[in-house]
Amino acid sequence: MLQNSTVTGNTASQVGGGIDVAGSATILNSVIAGNSSVFNNDDVDGSGPVFAGNSFFGTTIAIDTDLNGNTNGGGDAKLGELLDNGGSVLTRSPLDGSPLIGAGSLGFLPNDSLDADGDGDVAELLPIDAAGRPRNDGAIDIGAVERIVAETIHGTDEANLILGGLGTDSLFGEGGDDTINGGSGVDLLEGGDGIDTLLGSQGNDLLRGDAGDDILRGNADNDVLEGGAGADLLDGGSGVDAMNGGQNNDTYIVDNLGDTVSEEGGNGTNDTVQSSVTFTLGAGLEHLILTGGAAIDGTGNTANNQITGNEAANSLVGLSGNDTLRGNGGSDTLNGGDDNDKLFGGADADQLFGDSGTDTLNGEDGADLLDGGTGADAMNGGQNNDTYIVDNLGDTVSEEGGNGTNDTVQSSVSFTLGAGLEHLVLTGSGVINGTGNTANNQITGNEAANSLVGLSGNDTLRGNGGSDTLDGGDDNDKLFGGADADELLGGSGTDTLNGEDGADTLDGGTGADAMNGGQNNDTYIVDNLGDTVSEVGGNGTNDTVQSSVTFILGAGLEHLILTGNAAINGTGNSANNQITGNERANGLVGLSGNDTLRGNGGNDTLDGGDDNDKLFGGADADTLLGGSGTDTLNGEDGNDTLDGGTGADEMSGGRNDDTYVVDNVGDTVSEEGGDGTGDTVQSSITFTLGAGLEHLILTGSGVINGTGTGSGNQITGNEQINILKGLGGSDILTGNAGDDILEGGNGNDTLRGNIGNDVLNGGNNDDSLFGGNNDDTLKGGSGTDTLNGEDGNDTLDGGDGADVLRGGKGTDIVTGGDGADAFVFDSALAASGKDTLADFLTGFDHIEIDDSVFTELTAGVALGGAFNLGAAASQADDRIIYDAVTGALRYDADGTGNGAAIQFATLSGAPGLSASDFLVV
Numbered sequence: 001m002l003q004n005s006t007v008t009g010n011t012a013s014q015v016g017g018g019i020d021v022a023g024s025a026t027i028l029n030s031v032i033a034g035n036s037s038v039f040n041n042d043d044v045d046g047s048g049p050v051f052a053g054n055s056f057f058g059t060t061i062a063i064d065t066d067l068n069g070n071t072n073g074g075g076d077a078k079l080g081e082l083l084d085n086g087g088s089v090l091t092r093s094p095l096d097g098s099p100l101i102g103a104g105s106l107g108f109l110p111n112d113s114l115d116a117d118g119d120g121d122v123a124e125l126l127p128i129d130a131a132g133r134p135r136n137d138g139a140i141d142i143g144a145v146e147r148i149v150a151e152t153i154h155g156t157d158e159a160n161l162i163l164g165g166l167g168t169d170s171l172f173g174e175g176g177d178d179t180i181n182g183g184s185g186v187d188l189l190e191g192g193d194g195i196d197t198l199l200g201s202q203g204n205d206l207l208r209g210d211a212g213d214d215i216l217r218g219n220a221d222n223d224v225l226e227g228g229a230g231a232d233l234l235d236g237g238s239g240v241d242a243m244n245g246g247q248n249n250d251t252y253i254v255d256n257l258g259d260t261v262s263e264e265g266g267n268g269t270n271d272t273v274q275s276s277v278t279f280t281l282g283a284g285l286e287h288l289i290l291t292g293g294a295a296i297d298g299t300g301n302t303a304n305n306q307i308t309g310n311e312a313a314n315s316l317v318g319l320s321g322n323d324t325l326r327g328n329g330g331s332d333t334l335n336g337g338d339d340n341d342k343l344f345g346g347a348d349a350d351q352l353f354g355d356s357g358t359d360t361l362n363g364e365d366g367a368d369l370l371d372g373g374t375g376a377d378a379m380n381g382g383q384n385n386d387t388y389i390v391d392n393l394g395d396t397v398s399e400e401g402g403n404g405t406n407d408t409v410q411s412s413v414s415f416t417l418g419a420g421l422e423h424l425v426l427t428g429s430g431v432i433n434g435t436g437n438t439a440n441n442q443i444t445g446n447e448a449a450n451s452l453v454g455l456s457g458n459d460t461l462r463g464n465g466g467s468d469t470l471d472g473g474d475d476n477d478k479l480f481g482g483a484d485a486d487e488l489l490g491g492s493g494t495d496t497l498n499g500e501d502g503a504d505t506l507d508g509g510t511g512a513d514a515m516n517g518g519q520n521n522d523t524y525i526v527d528n529l530g531d532t533v534s535e536v537g538g539n540g541t542n543d544t545v546q547s548s549v550t551f552i553l554g555a556g557l558e559h560l561i562l563t564g565n566a567a568i569n570g571t572g573n574s575a576n577n578q579i580t581g582n583e584r585a586n587g588l589v590g591l592s593g594n595d596t597l598r599g600n601g602g603n604d605t606l607d608g609g610d611d612n613d614k615l616f617g618g619a620d621a622d623t624l625l626g627g628s629g630t631d632t633l634n635g636e637d638g639n640d641t642l643d644g645g646t647g648a649d650e651m652s653g654g655r656n657d658d659t660y661v662v663d664n665v666g667d668t669v670s671e672e673g674g675d676g677t678g679d680t681v682q683s684s685i686t687f688t689l690g691a692g693l694e695h696l697i698l699t700g701s702g703v704i705n706g707t708g709t710g711s712g713n714q715i716t717g718n719e720q721i722n723i724l725k726g727l728g729g730s731d732i733l734t735g736n737a738g739d740d741i742l743e744g745g746n747g748n749d750t751l752r753g754n755i756g757n758d759v760l761n762g763g764n765n766d767d768s769l770f771g772g773n774n775d776d777t778l779k780g781g782s783g784t785d786t787l788n789g790e791d792g793n794d795t796l797d798g799g800d801g802a803d804v805l806r807g808g809k810g811t812d813i814v815t816g817g818d819g820a821d822a823f824v825f826d827s828a829l830a831a832s833g834k835d836t837l838a839d840f841l842t843g844f845d846h847i848e849i850d851d852s853v854f855t856e857l858t859a860g861v862a863l864g865g866a867f868n869l870g871a872a873a874s875q876a877d878d879r880i881i882y883d884a885v886t887g888a889l890r891y892d893a894d895g896t897g898n899g900a901a902i903q904f905a906t907l908s909g910a911p912g913l914s915a916s917d918f919l920v921v
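Note that full-length UniProt numbering gives residue 585 to position 585 of the sequence shown, counting from 1, and the numbers run on in steps of one.
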């Protein structure tokens, strides 16, 4: 007899590796398995009958079966290694899934608790094997074999613990808060009323929670879980499970991509799926929580979903409905879909897309991307450097100040950066604007025409495409115009402006700014002596600087316009410059190149420099200097001075009295007639005045000539020999130094020889001739002329008409010519100064003597007895003594007194004279 024994792990060289029975044997509550023999019957062999009860045989033998049940040929008993299981010897314990029962006890359930096997007894043990597993279907003898049967068990209205066996069980909790474990096999577990816990254990089980807030948990196999009424928890386990929560708000645990979750629509508003794999909410489900550590995705449905990511990188999609998405950890992508959604990025760098509707996006921690979509959305990036996509004028962006230095808004509509935001990028193709804040902003335009305003802070503005307006505002800014014709305004501070492509306008503002126009023809606004302007050479022919301070054009710049009200200066370069003054007195210098200079208002000085220049004086009294080259000078309004320089220049003074400097036979001078009476040419070459010109002054050291016009001219010679011709009009001709020839021509002319042995020809009409120093020849010509020999031994010829002739100092020869002439003596008498009156006609001509020289005579009083014919005075009151033999004419201040008479003239031919031929003045 063998009882309560385990025979395993033996090897025999003959039959019966475990037991060899020679006669009859009885085996009770024992396990004989896992043995081997070299022949057959590995576990039991023998010739006699074996009576067995509640025992397990690994290989088949011929035995009688006992009512208590045996397992014959059961295969692997699943026994573990030898262990200390609490006995005096090492024993083997059944492993998980073993059909064996190791031990049992009847004392742990109260009477009338449960009829487990339906035999009418209500006080029964539910055995637990040595591995700790419940054995509903097994007998309780130690070492006995469990009988595998399919049971149907119904609980009571109390809180029942129902354990299925190895078979296909149907377990019903009925009333009460039950705990049901299906055990092995394909089981049906139904909780009934109450808050039940259903555990599928092994096999493809069906779990039904029925009424109450139940917990349904499947196993590693493919289970079906039906929550029924109540807020249930459904966890299918690791297999491919189908879960339906039924009524109320249920919670589903999903861990397999094959798991399906269905919910009866309208029976809950907070049904939640907790999934460790990628999952899409079906109809009737509201919430999704991603679990585990894998990078998985979650998608909602048309309901108002709450979708929460795990700590890895998730993609969460709300679809339609007012959804709430939370990324938690990991770099997540959240897409709200349609309607009004709330998105929370959580930790790490997330991407939040609101899509349509009025959405609220919160980036929280990490460098996040927030795109509200088409509605009027509210976006808050939270910590770190975030990026915002704005496409609606109703979008709002807020940033937690101090939590990032590169927060960026990308906007397809006009936008102003709020506090805590640093950068703005305009997108799309619309004509929109962007405004910064007090931070150091980077603002970038799109390809259309934008207005970008930095406000305060050290900002960087980039226009990109389109004709943009960039305004840096306060502080030190950097502006980049990009393509097309842009306007760059630096504002205050020390700014850097780069026009780049296009015909740009650059205005650095009040600070000392650096401006570079880049390609094409650019315009620069300069207002600070510290401003610098640079241009990419050869990329434009009309680059212009508008300056309110003195400025010199650098390389690659063509034009300069002076602005403001200050008296400032402008200088060109080697290019063909256009330089324009303001309304004050400016100094404009073209340097080399074919320059155009315009003075505008103020008394300006324009210097063309080298090459062929055009100068326009503008209003007021300007000085125009052509320099070298063939220049064109236009004085315009005001009393201007025009000096063409060394080339063959064209000069036009315009209105008022202008002065021209001529030094080249190719120079031309034109004047607007009637607009001035004192237009003067200063010429170092022979020159003839044109129409509208009044005065000519010969300069330099050359022997040159000057000729007037038909009007009254003033012509002045230089220090050399000149021929001056007045032609028509009442001219004033002045010889200055040199032996000059002055010809008055027609008109009442005034001729002055000044220094040198000059020849003065009055010509027609009534002329006034002044010989000046040296020995001059004065010819009155026709008309009533006045000839003044002045210093030197002069020759005077009055010509036709009643002339007045003054020999002046020296020994002069005076001829009155036709007409009643007056021979005037008003110069101090000297022994060497004896004039010759060549053609005095008694009774027709007369001699005027000045009482300031002839002091003993009285003006207006006839000579009477003061006149005496003879070689000397005969009476004490004789004053004028005329020798009729020699023609000598003397003045005796005291008559017959001791003083000697002084001869002051000789009358050729000794004409007869009387006191009536004299006039004392």
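Even for Gly, the Cβ is constructed at its ideal location relative to N, Cα and C.
Helix, strand or coil, according to DSSP, for Ser451 in the structure here? strand
Along the chain, which unbroken stretches of the beta strand (DSSP E) at least 3 residues long are found entirely within the UniProt region "Disordered" (766–801)? 768–770, 777–779, 786–788 and 795–797
Inside the region 663–735 only - beta strand (DSSP E) runs reaching at least 3 residues: 668–670, 680–683, 695–698, 705–707, 714–716, 723–725 and 732–734
Phe108 versus Asn244 - alpha carbon distance: Annotation note: pLDDT 37 at Phe108 (below 50); position unreliable, coordinate value reported separately. For Phe108 and Asn244, the distance between alpha carbons rounds to 36 Å.
Environment of Ile19 [buried if 16+ CB atoms lie within 10 Å]: buried
Are the CB atoms of Gly729 and residue 946 within a distance shorter than 8 Å? Any answer about residue 946 is impossible in this case: the structure gives the chain only from 1 up to 921.
To which residues of the same chain is Thr855 closer than 8 Å at the C-beta, ignoring the five residues directly before and after it? Ala893
Going by beta-carbon coordinates alone, are Glu174 and Gly165 separated by less than 8 Å? no
Taking Cβ positions, are Leu698 and Asn713 nearer each other than 8 Å? no
In the DSSP assignment, the beta strand (DSSP E) including Leu461 goes from what residue to what residue? Thr460 to Arg462
Skipping 5 residues on each side, what residues in its chain have a beta carbon closer than 8 Å to that of Asn539? Gly518, Gln519, Asn520 and Gly556
On the DSSP bridge list, what partners appear for Ser547? Val526 and Leu562
I need the boundaries of the beta strand (DSSP E) containing Lys614, first residue and last residue. Lys614 to Phe616
Endpoints, the beta strand (DSSP E) within which residue 930 is located: Within the shown structure, residues of the chain are numbered from 1 to 921, placing residue 930 beyond reach of any answer.
Continuous beta strand (DSSP E) assignments of at least 3 residues falling wholly in the region 562–590: 569–571, 578–580 and 587–589
Residues bridged to Asn498 [DSSP beta-bridge criterion]: Phe480 and Asn516
Rounded C-alpha distance that separates Gly738 from Gln720: 4 Å
Given a cut-off of 8 Å, decide if Gly354 and Asp338 are closer than it, judged by their beta-carbon atoms. no
How would you call Gln875, buried or exposed, if buried means at least 16 neighbouring beta carbons within 10 angstroms? exposed
Looking at the strands, I want to know which residues DSSP matches up with Val661. Asp643 and Gln682
Would you please state the rounded distance, in angstroms, between the beta carbons of Gly499 and Gly481? I believe it to be under 8 Å. 4 Å
If we ignore side chains and look at the alpha-carbon of each, how far apart do residue 938 and Arg879 end up? Given a span of 1 to 921 for the chain in the structure shown, any question on residue 938 remains unanswerable.
Rounded to the nearest angstrom, how far is the Cβ of Leu751 from that of Gly745, given a contact under 8 Å? Leu751 to Gly745, Cβ: 10 Å. No contact.
Should Thr6 go down as buried or exposed, given a rule of 16 or more other Cβ atoms within 10 Å for buried? buried
Residue environment, Asn754, which counts as buried when at least 16 other CB atoms sit within 10 Å: buried
Contact check, Asn441 vs Gly420, beta carbons under 8 Å: no
Would you identify the three-state DSSP class for Leu907, choosing helix, strand or coil? strand
Let me confirm a value: Gly143 is counted as buried when at least 16 other C-beta atoms fall within 10 Å, else exposed. Which label applies? Confidence at Gly143 is low in this model, with a pLDDT of 43, below 50, so the placement of that residue should be treated as unreliable; the coordinate-derived value is given next. The residue is buried, with at least 16 neighbouring Cβ atoms inside 10 Å.
Could you give the DSSP three-state label for Asp297: helix, strand or coil? strand
Under 6 Å Cβ to Cβ from Tyr388, same chain only, skipping five residues before and after it: list those, please. Leu370, Met379, Val397 and Val409
Which two residues bound the contiguous beta strand (DSSP E) that contains Val920? Phe918 to Val920
Taking C-alpha atoms, which residue in Glu422, Asp474, Asn204 and Leu281 lies nearest to Leu319? Leu281
Is Ala888 helix, strand or coil when you go by DSSP? strand
May I ask you to list the residues that DSSP assigns as paired with Val814? Leu796 and Leu837
Just to confirm the assignment, what range does the beta strand (DSSP E) spanning Glu848 have? His846 to Ile849
Taking the alpha-carbon positions, what's the Val425 to Val390 distance? 10 Å
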